[in-house]
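Presented below is the structure to which this report refers.
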Amino acid sequence: MGVGVSSWRLANTVARTGNLGVVSGTAVAVTIARTLGLGDPGGHIRRALDAFPIPAVAERVYERFFGTADSRPGDRFKSIGRPSLDPSDQSAELTVAANFVEVFLAKEGHNGPVGINFLEKIQLPTLPSLYGAMLANVDYVLMGAGVPARIPATIDALTQHSKVALPVDVVGADKGETFESEFDPARLFDGEIISPIDRPLFLAIVSSATLARYLATNSNGSPDGFVVEYPVAGGHNAPPRGKMQLDDQGEPIYGSRDAVDLDAIAALGLPFWLAGGYADPDRLADAQQAGAVGVQVGTAFAFCRESGLADELKSQVIDAARRGQLRVRTDPKASPTGYPFKLLEVDGTLARTEVYNQRVRRCDLGYLREMYKRDDGRAGYRCPAEPVDDYLRKGGDVARTEGSQCLCNGLMTDIGLGQVRNNNYAEPALLTAGDDAVHVARLLPEGSDSYGALDVLSHILGRDMSAEAGPSRRPPRSRPAD
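The sequence shown begins at 4 in the numbering used here and counts up by one.
Structure (structure tokens):
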């Protein structure tokens, strides 16, 4: 659910009912650093850092960023540096601590299950991010937007605080040539021996039985289950199979080859959940009848009071949905990853051509940069949403720059943490949601202009969930039964 939209507040509320509350693990280092920069309203990050198992690291992170926003000429927020194959110790410490903070706060005050969601396409911060979430005793790890084949074995290794490595994609690498990101927890603990971490369950997000079958049988360990995501879901969608074809509106066409064989997935013997347009009691029943344990819901929660989305954007979307004037577009060019990406066509956001054309291109967060092999054999970094001349100088194809959006900066603005430059230029917002966003007004209680996470759960489950939003019993740490 985007950067910071599926926030710890939202996940905490959902988990208190005994359902799985999931926080977004995308760019958490930036959201925590910028929130600290604003003075840590409410003191929540300080409270979480006080529980971090490496006090010296927690103190360094706090002192480096606390109160730094608007404190000097130039950009409003202090830079944290872009992800790279060779991150500094400061960068690794921040990433580990930030993921710990987000999960700790989501789990605070109850015993319900909490998960964290990562994108396989964002490879460079994965290892320290996983470790930080695991230090906070996260219950589930979810990952999609790629093929997360090595994640089960990596999780196993991190439970023992072992040094880990993951191969990363590098355009132009020779056959058999491998580039890897590495992470060694011992560098944080300075060699101190500590107890093993409990192993979280791993759910792979897939869009086909073929991928599910491959992951279930690969040599690096099987997932503990699957989330089967359909192309009506928000954010990144799997591209259609075969050659990309677009309809009259310029959106990808999905056909019979993209249908998911749920019987084949069920035959793997692992539990699975369905995602994409399932925020409805009838759709939940359909999913369970098809063999699913339940459903994953994002869009309906994105505009509730507990989500991290800025209040003015929530109101704008809900009002447009009420009037029947909200449109969701699947854009094949918007994401630098090359995956189709859902855009909400809302005035004042980058989905509007006039706003997109006026944005000054700048790449300073760099989470969606692709790596390429430079002439000297080392890995370089480029993004089709960065300044066009910079991208072309690095060997990029000019065609990929057309329509490419800076998701990193746009999604930060969505949650009130957008950068403001020294010339007073403020990054515009960029909203993503699934096709079901057009129906969010049905979740409004009578006479209200907003709704809460419990209203969403009550609608889907067909019963009042307010009485169930208390401390709940944590499920055992074993593979869930189907």
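All C-beta atoms in this analysis are idealised placements derived from N, C-alpha and C, irrespective of residue type, glycine included. This structure is a prediction, so every number in the text was calculated from the model and none was measured.
Where does T20 land, buried or exposed, given buried means 16+ other C-beta within 10 angstroms?
buried
P56 lies in the alpha helix (DSSP H); which residues open and close that run?
Element bounds for P56: n/a, residue is neither H nor E.
Can you confirm whether the stretch 138-145 touches the stretch 35-45 when touching is taken to mean that 3 or more C-beta pairs between the two stretches lie within less than 8 angstroms?
no
Quick test of the definition: if touching needs 3 or more C-beta pairs under 8 angstroms, does the stretch 115-126 touch the stretch 215-225?
no
Assuming Y370 contacts C411 under a Cβ cut-off of 8 angstroms, what Cβ separation, rounded to an integer in Å, is found between them?
5 angstroms
Uninterrupted beta strand (DSSP E) stretches inside the stretch 121-152 (no shorter than 3 residues)
143-147
Buried or exposed (CB count within 10 angstroms, at least 16 for buried), S165
exposed
Can you say whether K178 is buried or exposed, counting buried as having 16 or more other CB atoms within 10 angstroms of its CB?
exposed
Does the Cβ-Cβ distance between A440 and L329 come in under 8 angstroms?
yes
Alpha-carbon spacing of G118 relative to C366, whole angstroms
30 angstroms
Between the C-alpha atoms of D334 and L346, what's the straight-line distance to the nearest angstrom?
7 angstroms
Which first and last residues belong to the alpha helix (DSSP H) in which I314 is found?
Going by the sequence as given, residue 314 is Asp instead of Ile. First-last of the alpha helix (DSSP H) with D314: 314-325.
By the three-class DSSP mapping on this structure, what secondary structure does R385 have?
strand
Do L29 and V6 have their CB atoms nearer than 8 angstroms?
In the sequence on display, residue 29 carries Thr and not Leu. It is a contact, given that the beta carbons lie within the stated cut-off.
Work out the CA separation of G84 and S94 for me, nearest whole Å.
7 angstroms
How far does the beta strand (DSSP E) with L169 in it reach, from first residue to last?
167-171
Specify, as a first and last residue, the run of the alpha helix (DSSP H) that A36 falls within.
31-40
N-terminal and C-terminal residue of the beta strand (DSSP E) that T71 is part of
Looking at the DSSP string, T71 is not in any beta strand (DSSP E), and its letter there is neither H nor E.
Any C-beta of chain C sitting closer than 8 angstroms to the C-beta of V320?
No chain C is part of this structure, which consists of one protein chain only.
Specify, as a first and last residue, the run of the beta strand (DSSP E) that F344 falls within.
344-347
CB-CB length for G282 against V296, believed under 8 angstroms:
The sequence given here has Ala at residue 282, not Gly. Contact flag wrong, Cβ pair sits at about 16 angstroms.
Could you name the residues that DSSP lists as bridge partners for I208?
V230
If I follow the unbroken alpha helix (DSSP H) through V106, where does it start and stop?
92-110
For D264, I'd like the list of residues in its chain whose CB is within less than 7 angstroms of its CB, leaving aside the five on either flank, ordered along the chain.
A212
Given a cut-off of 8 angstroms, decide if V31 and A101 are closer than it, judged by their beta-carbon atoms.
yes
Rounding to the nearest angstrom, what Cα-Cα distance links A262 and G294 in this structure?
16 angstroms
With DSSP collapsed to three states, give me the class of F275.
strand
N-terminal and C-terminal residue of the beta strand (DSSP E) that S27 is part of:
24-27
Of the listed residues A72, E405, P387, S407, nearest to G398 (C-alpha basis):
P387
Tell me the DSSP secondary structure of A293 in three-state form.
coil
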